[in-house]
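To convert, note that position 261 of the sequence shown is 849 in the numbering used here; the numbers rise steadily by one, no gaps.
To start, the structure under review is shown below, and the notes come after it.
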Amino acid sequence: MFRNFEEVIEKAKGRKRLIISVAVAQDWDILESVKLAEDKGLAKAILVGNRLEILPMVEELGLSRDSVIVDEPDMYSAALRAVAMVRNGEAQILMKGMVNSSDFLKAVLDEEAGLRRGRLLSHLAAFEIPGQEKIIFHTDGGMNIAPDLEQKKEILVNAVLTLNKMGIEKPKVALLTANEKVTSKMPATVDAQSLVQMWEKGLFPPCVVEGPMALDVAVSPEAAHHKGINSKISGQVDLFLLPNIEAGNICGKTLVYYARAKMAGLIIGAANPIIMASRADSAHGKLNSIALACLAYNREK
Ligand code: COD
Numbered sequence: 589m590f591r592n593f594e595e596v597i598e599k600a601k602g603r604k605r606l607i608i609s610v611a612v613a614q615d616w617d618i619l620e621s622v623k624l625a626e627d628k629g630l631a632k633a634i635l636v637g638n639r640l641e642i643l644p645m646v647e648e649l650g651l652s653r654d655s656v657i658v659d660e661p662d663m664y665s666a667a668l669r670a671v672a673m674v675r676n677g678e679a680q681i682l683m684k685g686m687v688n689s690s691d692f693l694k695a696v697l698d699e700e701a702g703l704r705r706g707r708l709l710s711h712l713a714a715f716e717i718p719g720q721e722k723i724i725f726h727t728d729g730g731m732n733i734a735p736d737l738e739q740k741k742e743i744l745v746n747a748v749l750t751l752n753k754m755g756i757e758k759p760k761v762a763l764l765t766a767n768e769k770v771t772s773k774m775p776a777t778v779d780a781q782s783l784v785q786m787w788e789k790g791l792f793p794p795c796v797v798e799g800p801m802a803l804d805v806a807v808s809p810e811a812a813h814h815k816g817i818n819s820k821i822s823g824q825v826d827l828f829l830l831p832n833i834e835a836g837n838i839c840g841k842t843l844v845y846y847a848r849a850k851m852a853g854l855i856i857g858a859a860n861p862i863i864m865a866s867r868a869d870s871a872h873g874k875l876n877s878i879a880l881a882c883l884a885y886n887r888e889k
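Below is the structure:
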């Protein structure tokens with residue numbers, strides 16, 4: 589487990605230095621996060637985008653003179669070229685810059701030029717929440733809009749494999765719903781029950797899965813006790829599976845804006861880790877996503 593993002597960065601510092609391909613890099617916070625990653629020895633970058641806009645910022649930030657800039661002013665073409673750098677092995681991590689999420693994901697998903705490898709791609713978010721003892725993970729509040737049961741299974745496999753690679757060996761997983769009763773009126777509860785059955789059959793990488801359960805039961809043993817729920821993971825959950833993109837996105841933003849959580853985000857399940865930090869993130873916030881991606885990569889190869 590990681591108590592905070594400082595520990596994530598420390599662990600990533602112990603790994604091999606990687607190369608990040610940045611899609612549409614003309615943004616101060618993006619370039620500053622690359623500079624922070626470079627200073628900490630985590631990564632170097634290939635900056636794809638508008639050279640005329642990138643160069644003065646690179647100089648002002650003091651990014652290393654050997655920073656590679658690939659001039660491509662058109663945003664979608666820049667996304668495709670940044671993806672190609674990863675695909676052909678010039679870089680190991682892809683990072684979204686100032687391009688909108690849907691164009692960026694289309695480039696990633698491009699059948700010929702993208703980074704698919706026959707698996708579903710999904711979003712994994714990490715949160716450091718003030719007052720909580722460890723970083724928690726959510727999936728999928730950023731990519732798959734309304735996953736069906738098979739897709740939820742793949743989303744869960746992606747997330748558990750990634751947590752395993754980061755060193756979280758047997759994550760405790762809560763399948764979040766609005767309550768614990770399985771009913772066809774609430775399809776997410778039926779899916780959660782099916783996922784637990786799959787886990788019991790050994791269809792997931794090392795993890796402990798429980799659900800359906802509401803958020804209060806997942807985070808509070810007292811709430812579980814009051815509701816008469818016998819949970820082995822209540823109060824210790826590492827990974828939350830959200831039933832759809834709205835639940836995941838709203839829950840994540842609630843943590844950030846009301847609870848002052850720090851958030852980092854990745855797309856996983858592709859050939860290489862993909863950083864999809866929020867545009868609103870500071871450079872230090874984006875550095876957290878870079879560190880997470882470094883950990884997600886290094887055990888993959
Ligand atoms: N994994 C693997 N392949 C996929 C995935 C996935 N998650 N999603 C689509 N594909 C494949 C399909 O099988 C198909 O071959 C091709 O990609 C195109 O599929 P479409 O037509 O469904 O894809 P798009 O381009 O219309 O939409 C894909 C997006 C990921 C762009 C879309 O699902 C989306 O907009 N998701 C939400 C992104 C978002 O706004 N997030 C919130 C803010 S961060």
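The beta carbon of each residue, even a glycine, is placed where N, CA and C say it ideally should be.
Keep in mind that this is a model prediction, so the values were computed, not measured.
When rounded, the separation of the alpha-carbon atoms in Val658 and Val622 is 15 Å.
By the CB criterion at 8 Å, Ser609 and Met673 fall inside the cutoff. For Ile878, the secondary structure class from DSSP, reduced to helix, strand or coil, is helix. For Gly853, the beta-bridge partners assigned by DSSP are Ala713. Beta-carbon to beta-carbon, Ile856 and Thr750 are separated by about 5 Å, close enough to satisfy the 8 Å threshold. Residues Leu703, Leu709 of the same chain have their beta carbon placed closer than 6 Å to that of Ala858, with the five preceding and five following residues left out of the count. Across the set Lys758, Ser772, Ala776, the C-alpha of Ala776 shows the shortest separation from the C-alpha of Ala766. Pairing Glu595 with Gly873, the inter-Cα distance amounts to about 14 Å. Ile642 has its alpha-carbon roughly 7 Å from the corresponding atom of Ala613.
Only residues of its own chain outside the window of five on either side were considered, and among them Asp779, Ser782 have a CB closer than 7 Å to the CB of Leu737, listed in chain order.
With fewer than 16 other beta carbons inside 10 angstroms of its own, Leu791 counts as exposed. Under DSSP, no beta-bridge partner is assigned to Gly816. Lys758 is classed as exposed because its beta carbon has fewer than 16 other beta carbons within 10 Å across all chains shown.
Per DSSP, reduced to three states, the secondary structure at Phe725 is strand. For Gly836, the closest alpha carbon among the candidates Ile618, Ala713, Glu699, Cys795 is that of Ala713.
DSSP places Phe792 outside both helix and strand once states are collapsed to three, so it counts as coil.
Arg675 counts as buried, since no fewer than 16 other beta carbons sit within 10 angstroms of its beta carbon.
Using a cutoff of 7 Å, the CB of Met786 does not count as near the ligand COD, since none of the ligand's heavy atoms is closer than that.
Rounded to whole angstroms, Thr727 and Tyr664 show a C-alpha spacing of 26 Å. For Ser609, the uninterrupted beta strand (DSSP E) segment begins and ends at 606-611.
In this structure, the ligand COD has no non-hydrogen atom nearer than 7 Å to the beta-carbon of Ser877. Within the same chain, Thr765, Ala766 come within 7 Å of Met774 by CB-CB distance, once the 5 residues on both sides are set aside.
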